[in-house]
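Colleague: Residue numbers (our numbering): 2 to 471. Beta carbons: idealized from backbone N, C-alpha and C, even for Gly. All figures in this text were calculated on a predicted structure; none of them were measured in a lab.
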């Protein structure tokens, strides 16, 4: 459990150092093993060549079929120390065999010898033998045949110098590994610290932001390198920009909602206070105040319903299905004809299959028709048009009002936004209808745009994309 916890809490710099140690140690050991193996093989092959040369020099030292050990050692160019030789003259019968031993050979051969190649399965060195107290030897034999003679020579060449050399090589490799590891640890720590400095700055800044989520205003610093941290910083800043913008909108939304609710509440409480003070002495003001309270409470109810609808649209997930758009349009238009004083006409395709949520489309159409009724003359015509093309299906609601300026079009779908014309005239509304319509359109994967109508007026266009038909 401790090991897992440490791995989870390991910093980037620690992870870099940890992985460096693993990789460096692996390759260093692999390189060291390769060096030791190559050196060992070469040294053994060298001793193998030396044993062949010793045999040749031994054959040249024979006098009267007897080896001259003094002459052999004197004329040999190879160090014969710790080299043991056994020469057997096998000519004639067993009783006539003669055996000659170099100095110390009898004591050497008296001890048990173990063939290393059989124990370790070394096919390249079948002549390796080990003798207790003497060490590792290379064995080679040879024969001299001639008339009335058959001389067999056997040489055991000590490999202890080779073993000592290999031990020295191993120690040097291990020492080099240790020194390189210490130097590498120091260097990689500096590099890791330099590489993670940008991440530490990001982490510190992000922690400061997290301590005051409501008041996030500044962005994270963007380092020049490394490129991954730079891209990460840019991505975080894009996310923070969206959060900051959304935070500003939420603050404005809360402020506007409070303002819209405060006005009717203040008016209602004022009339209630008026009735309490003067209702008994002036009964005529009671009916007037009750009528005003009823109107203001209706406005408050409409605003609360709009806020609830907007909240559901923000968080909701709709179920979409294919349906006939013309049928929903005709039903909604019939309902709005009872409410609106303008004439509503439906033009275009008599049937158009789209993929969306029917209730959402009906709500959007009701909002757009209500908006057109507010900003159009009572005797004008509102046109609901269904257009089908090869690329899309468009539902348009066109009015004959004063139109919308380019500046207002940029804010027309903002929450609580009402144009100058709406403020100057006594048009009932809270500025949430078009915001709800846009949110419902986004929830269904649709586009909602506004364009001008010639000679005057505005057209709100709900665009269905056939490619999203599932």
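Could you give the DSSP three-state label for residue 323: helix, strand or coil?
Modeller: Three-state DSSP puts residue 323 in a strand.
Colleague: With distances taken Cα to Cα, identify the nearest neighbour of residue 128 among 270, 50, 58, 463.
Modeller: Among 270, 50, 58, 463, the Cα nearest to that of residue 128 belongs to 50.
Colleague: If you pair each beta-carbon of the region 445 to 462 with each one of the region 389 to 409, do three or more pairs fall below 8 Å?
Modeller: Segments in contact, yes.
Colleague: Tell me where the alpha helix (DSSP H) around residue 109 begins and ends.
Modeller: Start and end: 106 to 111.
Colleague: Just to confirm, are residue 158 and residue 135 a CB contact at a threshold of 8 Å?
Modeller: For residue 158 and residue 135, no; Cβs fall outside 8 Å.
Colleague: Is residue 243 buried or exposed, if buried means 16 or more other CB atoms sit within 10 Å of its CB?
Modeller: Looking at its Cβ environment, which holds fewer than 16 other Cβ atoms inside 10 Å, residue 243 is exposed.
Colleague: In the DSSP assignment, find the unbroken beta strand (DSSP E) run with residue 349 in it and report its ends.
Modeller: Its beta strand (DSSP E) spans residues 344 to 349.
Colleague: Tell me the DSSP secondary structure of residue 25 in three-state form.
Modeller: Three-state DSSP puts residue 25 in a helix.
Colleague: Sort out for me which residues DSSP pairs residue 279 with in a bridge.
Modeller: Answer by DSSP bridge pairing: none, since residue 279 is not bridged.
Colleague: Report the residue from 326, 296, 102, 205 whose alpha carbon sits nearest the alpha carbon of residue 394.
Modeller: The residue with the shortest Cα to Cα distance from residue 394 is 326.
Colleague: Just to confirm the assignment: which complete alpha helix (DSSP H) runs, minimum length 4, are found wholly within the region 351 to 389?
Modeller: You should have 359 to 375.
Colleague: Roughly how many whole angstroms lie between the Cα atoms of residue 298 and residue 306?
Modeller: Cα to Cα, residue 298 sits roughly 12 Å from residue 306.
Colleague: Could you pull the start and end residues of the alpha helix (DSSP H) that residue 99 belongs to?
Modeller: Counting along the chain, residue 99 falls outside any alpha helix (DSSP H), though it belongs to the beta strand (DSSP E) covering 99 to 102.
Colleague: Can you give me the start and stop residues for the beta strand (DSSP E) that residue 1 sits inside?
Modeller: Absent from the model: residue 1. The displayed extent of the chain is 2 to 471, so no value can be given.
Colleague: Expressed to the nearest angstrom, what Euclidean distance is found between the alpha-carbon atoms of residue 273 and residue 290?
Modeller: Cα to Cα, residue 273 sits roughly 8 Å from residue 290.
Colleague: Using 8 Å as the limit for Cβ to Cβ distance, is residue 467 near chain B?
Modeller: The structure shown contains no chain B; it is built from a single protein chain.
Colleague: Could you tell me the distance, in whole angstroms, from the CA atom of residue 399 to the CA atom of residue 324?
Modeller: Each residue's Cα considered, the two are about 23 Å apart.
Colleague: Use the C-beta contact count for residue 265: other C-beta atoms within 10 angstroms, 16 or more gives buried, fewer gives exposed.
Modeller: Under this definition residue 265 is a buried residue.
Colleague: Could you give the distance in angstroms between the alpha-carbon of residue 233 and the alpha-carbon of residue 15?
Modeller: The alpha-carbon atoms of residue 233 and residue 15 are separated by roughly 20 Å.
Colleague: Check whether the region 108 to 118 touches the region 19 to 29, counting contact only when three or more Cβ pairs, one atom from each stretch, lie closer than 8 Å.
Modeller: As far as the Cβ criterion goes, the region 108 to 118 does not touch the region 19 to 29, which means the pair count is below three.
Colleague: Looking at the secondary structure, which residues open and close the beta strand (DSSP E) in which residue 133 lies?
Modeller: It is not in any beta strand (DSSP E) - residue 133 carries neither H nor E in the DSSP assignment.
Colleague: Roughly how many angstroms lie between the CA atoms of residue 223 and residue 231, to the nearest whole one?
Modeller: Their Cα atoms are separated by approximately 6 Å.
Colleague: In this structure, does DSSP put residue 458 in helix, strand or coil?
Modeller: Here residue 458 sits in coil by DSSP.
Colleague: By Cβ distance below 7 Å, which residues in the same chain neighbour residue 320 in space, the five residues on each side in sequence not counted?
Modeller: Here the set comprises 358.
Colleague: Do residue 174 and residue 36 count as a contact pair if the criterion is CB distance below 8 Å?
Modeller: Taking 8 Å as the Cβ cut-off, residue 36 and residue 174 qualify as a contacting pair.
Colleague: Taking the alpha carbon of residue 57 as the reference point, which residue from 86, 42, 376, 377 has its own alpha carbon closest?
Modeller: The option with the nearest alpha carbon to residue 57 is 86.
Colleague: Are the region 340 to 348 and the region 368 to 382 touching, with three or more C-beta to C-beta distances below 8 Å?
Modeller: Yes: the two stretches touch, three or more of their Cβ pairs being nearer than 8 Å.
Colleague: Out of 102, 411, 434, 347, which has the shortest C-alpha to C-alpha gap to residue 417?
Modeller: Closest by alpha carbon: 434.
Colleague: Relative to the alpha-carbon of residue 156, which residue among 208, 278, 102, 184 has its alpha-carbon at the smallest distance?
Modeller: Residue 156 has its Cα closest to that of 102, out of 208, 278, 102, 184.
Colleague: Ends of the beta strand (DSSP E) at residue 90?
Modeller: It spans 84 to 90 - the beta strand (DSSP E) in which residue 90 sits, taken as one unbroken run.
Colleague: Mind checking whether residue 302 and residue 353 have CB atoms under 8 Å apart?
Modeller: No, they are not a contact pair.
Colleague: Within 10 Å of its beta-carbon, does residue 18 have 16 or more other beta-carbons around it, so buried, or fewer, so exposed?
Modeller: Residue 18 should be labelled buried.
Colleague: What did DSSP end up calling residue 416 once you bin it into helix, strand or coil?
Modeller: Coil.
Colleague: Just to confirm, is the Cβ distance from residue 167 to residue 42 under 8 Å?
Modeller: Cβ atoms of residue 167 and residue 42: not closer than 8 Å.
Colleague: Quick one: grab the DSSP three-state call for residue 403.
Modeller: If DSSP states are grouped into helix, strand and coil, residue 403 belongs with coil.
Colleague: Please report how far the alpha carbon of residue 286 lies from the alpha carbon of residue 259, in whole angstroms.
Modeller: So the alpha carbons of these two residues sit roughly 29 Å apart.
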